[in-house]
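Protein sequence lines correspond, in order, to chains A and B.
Using my numbering, read the first sequence as starting at 1 and increasing by one per residue.
Using my numbering, read the second sequence as starting at 1001 and increasing by one per residue.
Protein chains: 2
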Amino acid sequence: MVKPPKENFPITEHLTYLLAQANREINRQLETRLSKEGVPVEQWRILKVLSDGNGHSMGELADAVLLNHPTLTKMIDRMVSDALVYRLQDPKDRRKVLMFVSDRGKALCRRLNSLAVSQEEHIVESYGDKSTNELKRLLGSLIGSAT
Amino acid sequence: MVKPPKENFPITEHLTYLLAQANREINRQLETRLSKEGVPVEQWRILKVLSDGNGHSMGELADAVLLNHPTLTKMIDRMVSDALVYRLQDPKDRRKVLMFVSDRGKALCRRLNSLAVSQEEHIVESYGDKSTNELKRLLGSLIGSAT
DNA sequence: TTGAAAATATTGAATATTCAACAATTGAAG
DNA sequence: CTTCAATTGTTGAATATTCAATATTTTCAA
């Protein structure tokens, strides 16, 4: 059996496309769930990262939540207005700003977590536990290798 | 061995996050390659879908290239200016517009395909053929099941 | 056949993101 | 010490995306 050269692959055979498509669908599903709390997916990520209680600099946070710096700055501005998070200057390095969750933010984060977990459980139901775990494993190692 | 409840999962354990992260990285890599031709990833997708030579309506195309309608309309406007694609009214249903690639678009598409293929080959090199194929398979079936 | 509802694509205003320039602070070489 | 380069975060302008409203054509029921 001879495969066609990759140049003629339909776009749906490309890894980059499959990733984009899967990401789009899963993200849409989650977005729909989180809309119950009126919060975009990125804010859930931010709250979740900050929930370890340690202060995180804007740079760290931007990397962790997959946003670039200016976008993060503006989203944080909104979240500060909503009293979900607050800024403190880092005493060790006064260029940095450390971000923290407020109590209100923590409470919201708990509600968002449970919505997100319920989504993931729903996926596991229709897609299977084994496939889900295998997919997670492969994605994790792809990310590691793609540096 | 007892697992922690999913509510306390770090965000990096969530399927939605792993997908977003992997998609971001792979997409960035591809974007970098395609920048040699000064073209965004979405335009490669559009050209590739239209390369079957059949006319595709805006609706079909939007679904296929993972863009929503107004965004696609505006991107197509640019591509028409660049003489990469052209519009024809569908004679069977005059609500529809059928999109076609120009010769110039076809030539560009060939160059873009080879850049994209070389990226994918690079991934296969560091990540392995087996993992790549298994990941593709799992993504494909996730998309199927996630309807 | 007519008229209302659905489907398709585009537009413009509102919103969000990105790019490049900036300000503030730190680090480090001379 | 002093100065210059690097790091960090924010801002404003330019760009892109989205939402809601529109125009056009088709479908279908009465």
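Ideal placement from N, C-alpha and C gives every residue a C-beta, glycine not left out.
Values in this document were obtained by computation on a predicted structure and should not be read as measured data.
query: Looking at the unbroken beta strand (DSSP E) that takes in Val1039 (chain B), where does it start and where does it end?; result: Counting along the chain, Val1039 (chain B) falls outside any beta strand (DSSP E), and DSSP gives it neither H nor E.
query: Is there a Cβ from chain B that is less than 8 angstroms from the Cβ of Leu61 (chain A)?; result: no
query: Would you say Ile123 (chain A) lies against chain B (beta-carbon separation less than 8 angstroms)?; result: yes
query: With a CB to CB cut of under 6 angstroms and the five nearest residues on each side skipped, what residues in its chain are close to Gly1105 (chain B)?; result: Leu1047, Leu1084, Val1085
query: Residues in the same chain with beta-carbon distance under 8 angstroms from His69 (chain A), minus the five sequence neighbours each way, listed in chain order, please.; result: Met58, Gly59, Ala62
query: Under the three-state reduction of DSSP, which class applies to Arg28 (chain A): helix, strand or coil?; result: helix
query: Between which two residues does the alpha helix (DSSP H) holding Arg87 (chain A) run?; result: Arg87 (chain A) -> not in any alpha helix (DSSP H); beta strand (DSSP E) instead, spanning 85-89.
query: Anything in the region 1043-1070 of chain B with a Cβ closer than 7 angstroms to a Cβ of chain A? List those residues in chain order, please.; result: Arg1045, Lys1048, Val1049, Leu1066
query: Look at Ser131 (chain A) and Ser1141 (chain B) and say whether their C-beta atoms are less than 8 angstroms apart.; result: yes
query: How far does the alpha helix (DSSP H) with Leu1061 (chain B) in it extend, from its first residue to its last?; result: 1058-1065
query: Mind checking whether Ala116 (chain A) and His1122 (chain B) have CB atoms under 8 angstroms apart?; result: no
query: Mind checking if Ile1026 (chain B) is an interface residue toward chain A, Cβ cutoff 8 angstroms exclusive?; result: yes
query: Taking the continuous beta strand (DSSP E) assigned at Phe100 (chain A), which residues delimit it?; result: 97-101
query: Give me the chain B residues within the contact set of Leu138 (chain A), using Cβ-Cβ distance strictly less than 8 angstroms, ordered along the chain.; result: Ser1131, Glu1134, Leu1135, Leu1138
query: Count the other CB atoms, across all protein chains shown, that sit within 10 Å of the CB of Arg110 (chain A); report buried if there are 16 or more and exposed otherwise.; result: exposed
query: At least one CB of chain A closer than 8 angstroms to the CB of Ala1107 (chain B): is that the case?; result: no
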